[in-house]
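J.:
There are 4 protein chains.
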Amino acid sequence: MTSAQKIRVAVIGASGYTGADLVRLAYAHPNMQIVALTANSHAGKPLESVFPHLSGLGLPNLVTNDEVDWTGVDAAFCGLPHATSQNVIKALPEHLRIIDMSADFRLRNPETYKQWYGNEHAALDLQATAVYGLTEHYRQDIAKARLVACPGCYPTAVLMLLVPLVAAGLIDASDLVIDAKSGVSGAGRALKQNTLFCESGEGMGPYAIGRHRHSPEIEQELSLAAGREVTVSFTPHLVPMSRGEFITAYARLTAGSTAADCQAVLVERYNDEPFVNMVPDGVLPATQFVRGSNRVMMGVVPDRIEGRVILLSTLDNLVKGSAGQAMQNFNLMFGLPEATGLEQVTLFP
Amino acid sequence: MTSAQKIRVAVIGASGYTGADLVRLAYAHPNMQIVALTANSHAGKPLESVFPHLSGLGLPNLVTNDEVDWTGVDAAFCGLPHATSQNVIKALPEHLRIIDMSADFRLRNPETYKQWYGNEHAALDLQATAVYGLTEHYRQDIAKARLVACPGCYPTAVLMLLVPLVAAGLIDASDLVIDAKSGVSGAGRALKQNTLFCESGEGMGPYAIGRHRHSPEIEQELSLAAGREVTVSFTPHLVPMSRGEFITAYARLTAGSTAADCQAVLVERYNDEPFVNMVPDGVLPATQFVRGSNRVMMGVVPDRIEGRVILLSTLDNLVKGSAGQAMQNFNLMFGLPEATGLEQVTLFP
Amino acid sequence: MTSAQKIRVAVIGASGYTGADLVRLAYAHPNMQIVALTANSHAGKPLESVFPHLSGLGLPNLVTNDEVDWTGVDAAFCGLPHATSQNVIKALPEHLRIIDMSADFRLRNPETYKQWYGNEHAALDLQATAVYGLTEHYRQDIAKARLVACPGCYPTAVLMLLVPLVAAGLIDASDLVIDAKSGVSGAGRALKQNTLFCESGEGMGPYAIGRHRHSPEIEQELSLAAGREVTVSFTPHLVPMSRGEFITAYARLTAGSTAADCQAVLVERYNDEPFVNMVPDGVLPATQFVRGSNRVMMGVVPDRIEGRVILLSTLDNLVKGSAGQAMQNFNLMFGLPEATGLEQVTLFP
Amino acid sequence: MTSAQKIRVAVIGASGYTGADLVRLAYAHPNMQIVALTANSHAGKPLESVFPHLSGLGLPNLVTNDEVDWTGVDAAFCGLPHATSQNVIKALPEHLRIIDMSADFRLRNPETYKQWYGNEHAALDLQATAVYGLTEHYRQDIAKARLVACPGCYPTAVLMLLVPLVAAGLIDASDLVIDAKSGVSGAGRALKQNTLFCESGEGMGPYAIGRHRHSPEIEQELSLAAGREVTVSFTPHLVPMSRGEFITAYARLTAGSTAADCQAVLVERYNDEPFVNMVPDGVLPATQFVRGSNRVMMGVVPDRIEGRVILLSTLDNLVKGSAGQAMQNFNLMFGLPEATGLEQVTLFP
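Residue numbers (my numbering), protein chains in the order written: chain A, -15 to 333; chain B, -15 to 333; chain C, -15 to 333; chain D, -15 to 333.
1. Please check if any C-beta of chain B sits within less than 7 angstroms of the C-beta of Gly42 of chain C.
2. Which of the three DSSP states, helix, strand or coil, is assigned to Glu229 of chain B?
3. Count Cβ pairs between the stretch 155 to 162 of chain B and the stretch 217 to 228 of chain B that sit closer than 8 angstroms; are there 3 or more?
4. Within 7 angstroms (strictly less), CB to CB, does Cys246 of chain B reach chain A?
5. Distance cutoff 7 angstroms, beta carbons only. Does Asn278 of chain D sit that close to anything in chain A?
6. Answer with yes or no whether the minimum CB distance from Gly308 of chain A to chain C is below 7 angstroms.
7. Kindly indicate which three-state DSSP category Leu131 of chain A falls into: helix, strand or coil?
8. Work out the CA separation of Gly266 of chain C and Gly102 of chain D for me, nearest whole Å.
9. Which parts of the stretch 186 to 255 of chain A are runs of the beta strand (DSSP E), unbroken and 3 residues or longer, counting only runs that do not cross its ends?
10. Which full runs of the alpha helix (DSSP H) of 4+ residues lie inside the stretch 99 to 177 of chain C, going along the chain?
11. Can Arg288 of chain C and Gly136 of chain D be called in contact, C-beta distance under 7 angstroms?
12. Scan the stretch 224 to 243 of chain D for residues whose Cβ lies nearer than 7 angstroms to a Cβ of chain C and list them as they occur along the chain.
13. Look up Thr330 of chain D in the DSSP assignment and say whether it is helix, strand or coil.
14. Give me the residue from D:Gly(-3), D:Tyr1, D:His13, D:Phe230 with the minimum Cα distance to Thr324 of chain D.
15. Does any residue of chain A bring its CB to less than 7 angstroms from the CB of Arg8 of chain D?
16. By DSSP, does Thr298 of chain D sit in helix, in strand, or in coil?
17. What residues of chain F sit near Glu257 of chain C, judged by a beta carbon separation below 7 angstroms?
18. Checking 7 angstroms against the spacing of the C-beta atoms, do Ser306 of chain C and Val280 of chain C come in under that value?
19. Just checking: is the beta-carbon of Gly194 of chain C within a distance shorter than 7 angstroms of some beta-carbon in chain D?
20. Helix, strand or coil for Ala310 of chain D? Go by DSSP, reduced to three states.
21. Could you tell me the alpha carbon to alpha carbon distance between Asn315 of chain C and Ala157 of chain C, rounded to whole angstroms?
22. For Ser39 of chain C, go through chain B and note every residue whose CB falls closer than 7 angstroms to its CB, in chain order.
23. Inspect the beta-carbon positions of Phe61 of chain D and Val(-5) of chain D and report whether they are closer than 7 angstroms.
24. Assuming contact is defined by CB atoms lying nearer than 7 angstroms, are Arg(-8) of chain C and Asp58 of chain C in contact in what I supplied?
25. Kindly list, in the order they appear in chain D, the residues whose Cβ is closer than 7 angstroms to that of Glu32 of chain A.
26. Could you tell me the boundaries of the beta strand (DSSP E) in which Thr22 of chain C lies?
27. At a CB-CB cut-off below 8 angstroms, which residues of chain C make contact with Val284 of chain D?
28. Write down the C-beta distance between Val7 of chain D and Pro44 of chain D rounded to the nearest angstrom, noting that I regard them as a contact closer than 8 angstroms.
29. Find the nearest neighbour of Ala244 of chain A within the set A:Ser207, A:Leu149, A:Gly185, A:Ala106, judged by alpha-carbon distance.
30. Within 10 Å of its beta-carbon, does Leu277 of chain D have 16 or more other beta-carbons around it, so buried, or fewer, so exposed?
31. Go through its chain and collect everything with a Cβ distance to Phe318 of chain B's Cβ below 6 angstroms, but skip five positions before and after it.
32. Taking the continuous beta strand (DSSP E) assigned at Ala60 of chain C, which residues delimit it?
33. Could you confirm whether any beta carbon from chain A is found closer than 7 angstroms to the beta carbon of Glu322 of chain D?
34. Here's the rule I'm using: 16 or more other beta-carbon atoms within 10 Å means buried, otherwise exposed. How should Ser25 of chain B be labelled?
35. Given a threshold of 16 other Cβ atoms within 10 Å of its Cβ, counted over all protein chains shown, does Thr2 of chain D qualify as buried or as exposed?
36. Enumerate in chain order the residues of its own chain whose CB-to-CB distance from Pro94 of chain D is below 6 angstroms, with the five nearest sequence positions on each side excluded.
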């Protein structure tokens, strides 16, 4: 495939961590050419002045969204903040296929969006056409979609783990406790006191208990799997590491089901998936095992309390939790092998 | 009080992190004189060759346990591993009062001890006289005890938080999910692959699910508070920080009780305690807020799920979780103001 | 000493890391009472809303500088940024003794100040009376001063190490290479991209080479010791730790002098100093050994290159490098034993 | 190229960090097939039991060195400790081409080897044929060699930076001060107290001053570049990060030469090199910018002292400092494009 034959993409909002990781992955992708990188506040600069680790890759300079000539561009990845995303995306030309990494098109119910994000949605017609981009669960719809709304990092880790078990009726969807832990990059590159090295280093604690915006997304998909409305207990914690997300979910088994059943269903469900695997025997999942890769690693452990099970999953929030899953969806949308550009092995240590 | 009038103490097992932190606190204690420091494998060396940060404090050299002349020694802190502790302690002269930081005398039921630790207990008569050293809950017994068994770090953080609520009947003791997170110093100074910087840095995951030895200790005390046998779901995680422990406990409220009731009971219970406080309004607890201090900081948050509550506590595992609580017990045993030597303010950042 | 007899102090600029550490130390000081805490941008709030780790200490709420009633206040610690400091301090009433932790009064030559800081100095008359607060080297002047200008963190670490050797003529002051490493708290609590956890974690590099504002301060004092003008090569690096500063200085020995001579001079010079010590035999200094304490730890190692020596020093930038030295100067100024409130043992690990 | 046509390699000593990183890179290499992985102490286990992050890659189980059938194997990477390496390598069959990552064949002078490593070299005839694997500087010899001795991580970072400048006569080779900083993975995966998380986290300091075994290697190559014997001042420091190495070198310019000349020589020398680049304008090198990649990033800054220059370089010690450079040499030896399998973009954050 010559350069002329490559799929031409733009990255909108390229000055954040998600944008940078998308560029990292795109560089390894044989069929993709980045033709535009936007970042309104840094327009005119080379990307390497914002991210020196991306120097020497031969990328175009940063421009404003308005400066992009969309003729001949095939696809856009969008890494903007919520609310901004919907306004930028609705102005994009029709011929573009769009992989959105923001929260704007994830929630099917506009009321829920408004309740959790505080603003009226400005592109409800587009919302109605968007496909939720949890790749392994919406593959066929994604392949055909014009607009894919990639899930949040927490929802990806939670739903990959719990949806098959709820759908199989093995665990009680009305009694799910989800204790989540995230590295600091989940908070983005914006300047906030709590993500300073001295504030988030050498210590940890929870945040946004009961009001994290990934909750409705988790509940939306678990409700679909359960066939009835589900509310979850979801508590995120900020942990002193840059990348990585860990889910420890505590569930009640339904009558007659066991931890072994849960393990079997997950093995069966993800057996042929390139990016999902159960942890090897004798090992428990850890974020170190997936850093920099597009993998989800899972585990199942019986609880000491009769009738309960402990369910574990981990991923890199910037890869499978964001840019990697976006790339995986891109591959699906353009008929490419799904793992193209995504075979990076975990960087450890 | 002259040096001759000071209470003369020995620290048995002074080459571990707990021993070192005890020395740190002892140095600030106006009524205590360290007259012996033991560490069989380092006998003959100055303490500063093992812990350069303790140089210049005028401490005695390390000796073996056998070399200590116990005449004139008033008390011994014991920081040895379990199983070793019981054998060393039963050989100590009668006149000594003993503050043990190991697990050997914490479990009231010898069968439980054997089941979780694997060996027959070698000092059951002593065990029968030991007092569980959760200071704020066993103050009167501790004051009179010859042998105090200081709680483990996780049990301290869990029990301080949950015992009052279980005792008050506000939460259902049969449905407690305890998600615990610890810094790496909890694993001690022994050489283990998983506590190398490159293995435990920049990542996290759970360990010992369903088989952590602090579980029976937690269950023993919660059962006493509940008035019936309690089994808990307890899952510890290793987090990339040196010090600090965090408990996120998920509980079902009993009929008619609320999160506000839980808050009120904790406020009332610990109102006059110098080392326990609820988190200030608008803030959630975090390990950063207690590092290096003897404090426990707690919080209560209503769950989004009706009838559930999220309970939070944090402490420094080497201080309130070990050496600090040991010192607090020492003060009680010798009739000193309880906060003596323990007023260090949290080191942040 | 009753509360009425305590020395009454204000902390101006209490919402930064230096202010917080001063409060930590003040709490341990038996003869000091904090009667006012200022922070213009947080006025009206309790200190614990800005620093939850300082909750429960019974401190006054934050106020603006203008709101302080200076009657009855004996001393002010000032932790404001440079340029602001000089304007605030010149407006303070005459009866106050002032310990300034900013850079404003450190440079004796107004031209040098202007050249490095960019503004005309607004309080040159005060500058003329200020004493440079390198405690162990200006003790008598500090004791009598109204205004003490505490050295920067790097200058403290460098000058404590090099001044005695330059003064003794053992090393060539015209050929000094100073490689400095600092933890991230040295950059303060202001929001900057390079001090985000994700930017400064898991990596390191130099900054401000050849233009760090601590250079003229180092040169001023080394020039005085050498008896002639000295220019140094000073290169700071940002290292992923919160606290700690390390100096590796490379020097040429003068004819006939040896590394052993350097060691001997430092031992002799600091033999009776409570806060300065040479590293124990067989150990090299490390920031871990001084974290949270007011100590400077030093070492001397012969270079493999004939006629050269490697000189090492380390301190905690927020303590001996700022708030601790300020407190030490306060003690001198008020005739108290110099170590009062400053005997905290290093927090390790 | 079909699997049958791939170059078949063995990795000897695959249970260390260097071995693991080699596997990571090999997985991305289209022309290489790993047919054997050895680790005597873990023989019989799957690699994923030693490195869970390498699960799911379809690799052969670990075996002992003796169990490998070398028929049909084309090349061996050797990641064993020094002294062991020479004995294992001299027993390998003649047809194998060998890329050694240990120190055993780096030093041309057997006396120097013995002096620094303490043992008589057991394979001096092989040593005489080995080529020093600093890729960009010995390309032609490496291409033809049977045995390539890959440089140490520090020497790679130092020599890439200094050799062109010494060779060009721009800096005085008799007055070089090299201050080096390394992440903890440089110490390997063996259990040592100083590389525990609690010991090396949140702090830093120097080690092995004047006696680090990378010194003779640096001096060997700088002496060749200078045309006379060179002794350097080399001081390594251990920094709390897993990967990354940073060199701050302080040099005296020769008469008439300038920092700009140094910059120009480096630009010219490395202009066409895929893995070497000068830092972008306005930025200083940092280890964050090269983590996980095979790049060396350099910078030149004039010193404030007349006639001196500060030279900077950074690389990932496990990649360009070890496994990456080994892979680069492999590509040369087998006539492949040099960057094959090595185009991973830096993982940041």
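Idealized CB from N, CA, C, for every residue including glycine.
T.: For this structure:
1. no
2. strand
3. yes
4. no
5. no
6. no
7. strand
8. 21 angstroms
9. 217 to 222, 229 to 237
10. 108 to 113, 123 to 128, 137 to 151
11. no
12. Pro224, Met225, Ser226, Gly228, Phe230, Thr232, Tyr234
13. coil
14. D:His13
15. yes
16. strand
17. No chain F appears in this structure, whose protein chains are A, B, C and D.
18. no
19. yes
20. helix
21. 33 angstroms
22. Asn261, Pro264
23. yes
24. yes
25. Pro264
26. 16 to 22
27. Near Val284 of chain D there are no residues of chain C at all, since even the closest Cβ is about 10 angstroms away, more than 8 angstroms.
28. That pair is no contact at about 11 angstroms.
29. A:Leu149
30. Just to set this straight, residue 277 of chain D is Ser in the shown sequence, not Leu. Buried, because 16 or more other Cβ atoms sit within 10 Å of the Cβ of Ser277 of chain D.
31. Ile(-9)
32. 59 to 62
33. no
34. exposed
35. buried
36. His105, Leu108
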